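In the working numbering, the protein residues as written are 36 to 438.
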Ligand SMILES: [Fe+2]
């Protein structure tokens with residue numbers, strides 16, 4: 036049995052409306068005077084770049100902008116950004132956008148600090164030292180990348196997601212400004228918001244840190260330590276916030292209170308899962324995302340109720356509590372009945388925010404189920420945190436439930 040758990044977070048978080056206006060001041064305070072800004076066309080078209088650039092200008096920070104970020108960034112775009120940036124002067128890298136843009140800035144921080152090719156850093160704890168500082172400014176409430184140690188990239192040749200995970204890759208500063216999320220469209224708000232719920236519930240229902248099976252080598256490098264008291268506390272609050280605010284954020288984009296609460300839920304869940312780990316939901320989402328090309332959050336939301344039903348025999352107490360946090364009335368119910376309320380509540384939420392709930396609705400063919408189940412077995416880093424063991428047959432059965 037393991038005796039300790041650890042907890043790491045981003046260097047500093049500044050949270051609240053207009054936090055982005057502190058950007059220049061924060062860079063200056065560290066005696067830096069040049070920045071590379073990574074963003075994408077959607078962010079600049081939405082007019083979100085100007086406020087950050089205005090803050091850099093008023094603090095006399097020199098900057099250059101790479102505006103070609105893309106969803107689920109490919110290794111090719113990382114290489115393109117590296118060729119663009121390697122001769123430029125920079126003290127700090129800024130990722131202004133959704134999780135994909137922040138992940139791109141993280142990958143560039145690795146390349147500009149230690150050189151390419153990027154493949155040598157895939158895995159856990161592979162960085163040779165501290166990379167250049169990263170400032171994350173999220174414009175969606177989703178991936179938790181603004182506080183997490185991971186950069187997830189797409190190997191488009193192998194049709195696979197690959198990640199660099201290292202605690203030294205956590206942003207040194209996250210400027211979380213909910214006003215930047217107000218223009219996020221309903222579908223993207225729904226996809227990213229349901230991912231936040233998956234992060235929080237997976238962190239909370241992950242196998243306890245005491246019983247996580249890690250080999251001697253993995254013990255030294257693993258970032259995910261299983262559920263732990265600090266992660267549980269953060270996850271609980273994130274679940275409450277999503278339950279009370281996601282429908283409003285999707286259906287009333289201008290509702291600042293709902294946007295603020297979702298932005299908070301995102302970083303709380305991000306801190307929880309990036310220490311406790313995510314489970315079979317995110318593991319199964321790797322092949323399901325690759326086969327369907329559907330957004331990351333959408334596939335996690337689709338799988339979440341089915342994985343929880345599989346896990347229910349070993350985490351009914353956690354799921355019963357979750358039902359209450361999601362606003363369900365569980366008075367007079369048995370623990371098992373209350374746990375099922377969580378599953379029903381998530382299915383209702385998915386329906387209310389307009390996301391699909393079946394794999395057949397996102398273009399998956401039945402014959403892909405077995406290969407996806409087998410591919411999931413390879414995602415051991417996430418699967419080992421699942422509270423109930425899963426064989427290829429178990430994974431196939433859960434995929435069938437979701438079909
Ligand atoms: Fe996620």
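Glycine included, every Cβ here is placed at the ideal spot set by N, Cα and C.
A quick note: this is a predicted structure, and the numbers were derived from the prediction, not measured.
- Contact check for residue 302 against residue 217 fails: the beta carbons are separated by 8 angstroms or more.
- As for any beta strand (DSSP E) of minimum length 3 sitting wholly inside the segment 327-383, there is none.
- Straight across, the Cα-Cα distance linking residue 294 with residue 96 is about 30 angstroms.
- DSSP places residue 211 within a strand segment (E or B) once states are collapsed to three.
- With respect to the 8 angstroms criterion, residue 347 and residue 354 are classified as neighbours on the basis of their beta carbons.
- For ligand 1, a non-hydrogen atom lies closer than 7 angstroms to the CB of residue 230.
- Pairing residue 309 with residue 179 gives a Cβ-Cβ distance under 8 angstroms.
- Contact check for residue 318 against residue 249 fails: the beta carbons are separated by 8 angstroms or more.
- In the three-state DSSP reduction, residue 193 falls in the coil class, being neither helix nor strand.
- Restricting attention to alpha helix (DSSP H) runs no shorter than 4 residues, the segment 246-293 encloses them at 251-256, 264-286, ordered along the chain.
- Close CB contacts of residue 285 within its chain, under the 6 angstroms cut and outside five residues either way in sequence, are with 221, 224, 225, 388 (chain order).
- Counting C-beta pairs closer than 8 angstroms gives fewer than three between the segment 269-278 and the segment 180-190, which falls short of the contact rule.
- Here the C-alpha atom of residue 50 lies approximately 13 angstroms from the C-alpha atom of residue 292.
- Residue 204: not part of any beta strand (DSSP E); DSSP gives it neither H nor E.
- Residue environment for residue 85: exposed (fewer than 16 other C-beta atoms within 10 angstroms of its C-beta).
- The beta carbon of residue 385 sits closer than 7 angstroms to the beta carbons of 229, 336, 392 from its chain, once the five residues preceding and following it are set aside; these are given in chain order.
- Here the alpha carbons of residue 164 and residue 283 stand approximately 43 angstroms from one another.
- Under the three-state reduction of DSSP output, residue 173 falls in the strand class.
- Residue burial is scored here from C-beta neighbours: residue 366 has fewer than 16 other C-beta atoms within 10 angstroms and is therefore classed as exposed.
- Here the alpha carbons of residue 407 and residue 322 stand approximately 6 angstroms from one another.
- For residue 189, the shortest C-beta to heavy atom distance toward ligand 1 is 7 angstroms or greater.
- Counting C-beta pairs closer than 8 angstroms gives three or more between the segment 124-142 and the segment 68-86, which meets the contact rule.
- Cα atoms of residue 422 and residue 146: separation of roughly 36 angstroms, rounded to the nearest angstrom.
- In this structure, residue 247 lies near residue 419, with their beta-carbon atoms less than 8 angstroms apart.
- Judged by DSSP in its simplified three-state form, residue 186 adopts strand.
- Across the set 381, 195, 344, the C-alpha of 381 shows the shortest separation from the C-alpha of residue 358.
- Residue side-chain check: residue 178 places its Cβ nearer than 7 angstroms to a non-hydrogen atom of ligand 1.
- When C-alpha distances from residue 58 are compared across 276, 213, 172, the shortest belongs to 172.
- A buried status is given to residue 184, since no fewer than 16 other beta-carbon atoms sit within 10 Å of its beta-carbon.
- With fewer than 16 other Cβ atoms from the protein chains shown falling within 10 Å of its own Cβ, residue 328 counts as exposed.
- Where residue 99 is concerned, the enclosing beta strand (DSSP E) starts and stops at 97-101.
- Where residue 412 is concerned, the enclosing alpha helix (DSSP H) starts and stops at 404-412.
- Secondary-structure assignment with DSSP links residue 159 through a beta bridge to 200.
- For residue 143, the uninterrupted alpha helix (DSSP H) run begins and ends at 134-149, by DSSP.
- Under DSSP, no beta-bridge partner is assigned to residue 420.
- Around the beta carbon of residue 306, 16 or more other beta carbons lie within 10 angstroms, which makes this residue buried.
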